[in-house]
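K.L.:
One structure is given below, represented as structure tokens, and several questions about it will come after.
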């Protein structure tokens with residue numbers, strides 16, 4: 016059984032959070048249905064695990080449309096894109112995940128398809144080359160990306176339905192998601208346990224569901240109820256502290272504190288000290304540490320805050336988490 020698919024909301028009322036986006040989409044979809052026309056193209060962006068793919072599925076369900084899914088890296092040649100577009104039926108939704116990884120030459124072919132509903136294909140080479148134009152059925156393209164800055168301005172401008180940023184969730188919203196997921200999975204969870212998982216979930220539903228499943232496994236093997244104490248024990252075993260920091264996050268903070276006197280220190284230097292890719296530090300670890308107020312980006316480099324010092328000092332007394 017694919018648990019992530021099972022936990023994905025299938026109705027709008029089941030989708031928790033992102034109220035502003037949901038209201039905008041409700042108006043857009045209602046108007047499209049009243050005109051009996053597919054919605055305009057949409058772009059969702061934001062950190063991983065916030066529900067971009069889920070929104071695409073909900074839109075398809077709301078419109079009663081078939082959804083064809085692919086990803087930027089999967090479309091390697093213009094022929095791949097042509098095959099996908101020519102196999103669409105009227106009203107279909109094409110979902111492209113990680114669209115920022117789309118090849119630029121393929122992106123050029125996508126422009127007229129999105130704007131005019133035609134596909135321009137060049138046949139042959141040199142003086143004998145000719146262009147044929149294929150009419151495409153009316154369709155809606157929904158794209159998702161974690162790096163909107165890597166999308167070209169011409170591509171972004173063609174999402175006439177709107178460009179929406181998904182925000183991080185509140186702990187209360189994460190608690191609601193955990194309670195719903197536990198019900199679907201048939202897990203009896205105490206309120207204190209769901210609150211404990213929520214506050215360590217990095218404000219992200221995907222992380223919350225992952226922690227819920229691992230805590231369930233722990234409780235099952237230990238033969239105990241899924242209580243607050245069980246959750247604390249399970250997440251400590253996973254190396255996740257009460258602020259949601261994992262071992263790699265703490266190693267990053269400790270490296271800056273111990274080796275560079277708390278900073279400022281450049282990303283290159285941190286990368287070398289941790290033997291970690293710069294992109295991993297910048298995209299995976301830093302956003303959450305900055306959001307917690309544990310790390311600052313300055314013109315001279317990264318600096319650990321006094322708040323982080325206090326947290327790391329507390330953790331130093333607990334060897335299980337370091």
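Residue numbers (the numbering used here): 16 to 337. Ideal Cβ positions, reconstructed from N, Cα and C, are used throughout, including at glycine.
For the beta strand (DSSP E) that residue 60 lies in, which residues bound it at each end?
P.N.:
Where residue 60 is concerned, the enclosing beta strand (DSSP E) stretches over 57-60.
K.L.:
In chain order, which alpha helix (DSSP H) runs of at least 4 residues are fully inside the stretch 52-95?
P.N.:
With a minimum length of 4 residues, the continuous alpha helix (DSSP H) runs that stay inside the stretch 52-95 are 67-78.
K.L.:
Counting only the same chain and skipping the five closest in sequence on each side, list residues whose C-beta sits under 7 Å from that of residue 24.
P.N.:
Result list for residue 24: 30, 69 and 73, in chain order.
K.L.:
What is the rounded straight-line gap between the Cα of residue 171 and the Cα of residue 178?
P.N.:
Spanning the two alpha carbons is a distance of roughly 8 Å.
K.L.:
By DSSP, does residue 246 sit in helix, in strand, or in coil?
P.N.:
The answer is helix: DSSP assigns residue 246 an H, G or I state.
K.L.:
Out of 113, 145 and 81, which has the shortest C-alpha to C-alpha gap to residue 58?
P.N.:
Of the candidates 113, 145 and 81, the one whose C-alpha sits nearest the C-alpha of residue 58 is 113.
K.L.:
Using the C-alpha atoms, what's the distance from residue 150 back to residue 130?
P.N.:
Answer to the nearest angstrom: the Cα atoms are 12 Å apart.
K.L.:
What residue from 294, 316 and 325 has the CA that sits closest to residue 307's CA?
P.N.:
Per the Cα distances, 325.
K.L.:
Check the C-beta distance from residue 64 over to residue 222 and give it rounded, since I have them as a contact under 8 Å.
P.N.:
Between residue 222 and residue 64 the Cβ distance is about 6 Å, and since that is below 8 Å, they are a contact.
K.L.:
Determine the closest residue to residue 304 out of 85, 133, 242 and 215, with distance taken between C-alpha atoms.
P.N.:
Comparing Cα positions, the closest option is 215.
K.L.:
Express the C-alpha separation of residue 50 and residue 293 in angstroms, rounding to a whole number.
P.N.:
Cα to Cα, residue 293 sits roughly 48 Å from residue 50.
K.L.:
Does the Cβ of residue 102 have 16 or more other Cβ atoms within 10 Å, making it buried, or fewer, making it exposed?
P.N.:
Label assigned to residue 102: exposed.
K.L.:
Straight-line CA distance for residue 161 to residue 181?
P.N.:
Roughly 10 Å between the two C-alpha positions.
K.L.:
For residue 313, which beta-bridge partners are listed by DSSP?
P.N.:
DSSP, once it has assigned bridges, lists 316 as partnering residue 313.
K.L.:
So who's on the other strand from residue 355, going by DSSP bridges?
P.N.:
Lying outside 16 to 337, the shown extent of the chain, residue 355 is not represented and no answer is given.
K.L.:
If distances are taken between C-alpha atoms only, which option among 100, 142, 118 and 176 comes closest to residue 46?
P.N.:
That would be 176, whose Cα lies nearest to the Cα of residue 46.
K.L.:
Using 8 Å as the cut-off, can you tell me whether the stretch 228-241 makes contact with the stretch 258-277, which would need three or more C-beta pairs spanning the two stretches below that distance?
P.N.:
Result no; under three Cβ-Cβ pairs closer than 8 Å.
K.L.:
According to DSSP, what are the bridge partners of residue 179?
P.N.:
Bridge partners of residue 179: 59.
K.L.:
Quick check on the burial criterion: 16 or more other C-beta atoms within 10 angstroms. Buried or exposed for residue 53?
P.N.:
Under this definition residue 53 is a buried residue.
K.L.:
Given a cut-off of 8 Å on the beta-carbon distance, is the pair residue 21 and residue 199 in contact?
P.N.:
Closer than 8 Å, so yes.
K.L.:
Can you say whether residue 209 is buried or exposed, counting buried as having 16 or more other CB atoms within 10 angstroms of its CB?
P.N.:
The residue in question, residue 209, is buried, as its Cβ has 16 or more Cβ neighbours within 10 Å.
K.L.:
Under 8 Å, do residue 136 and residue 97 count as touching if we go by C-beta distance?
P.N.:
In contact: residue 136 and residue 97 (Cβ atoms closer than 8 Å).
K.L.:
When you compare only the Cα positions, how much space is there between residue 317 and residue 155?
P.N.:
Each residue's alpha carbon lies about 42 Å from the other.
K.L.:
Which stretch, first to last residue, makes up the alpha helix (DSSP H) that contains residue 161?
P.N.:
Element bounds for residue 161: n/a, residue is neither H nor E.
K.L.:
Less than 8 Å between the CB atoms is what I'm expecting for residue 132 and residue 153, so what's the real figure, rounded?
P.N.:
Sure, about 7 Å apart at Cβ, within 8 Å.
K.L.:
In chain order, what residues of the same chain lie with their CB nearer than 7 Å to the CB of residue 16, ignoring the 5 residues before and after it?
P.N.:
Residue confidence is low: residue 16 scores 44 on pLDDT, short of 50, so the model does not pin down where it sits. Its coordinate-derived value is still stated next. Closer than 7 Å at the Cβ level, and outside the excluded window around residue 16, lies no residue.
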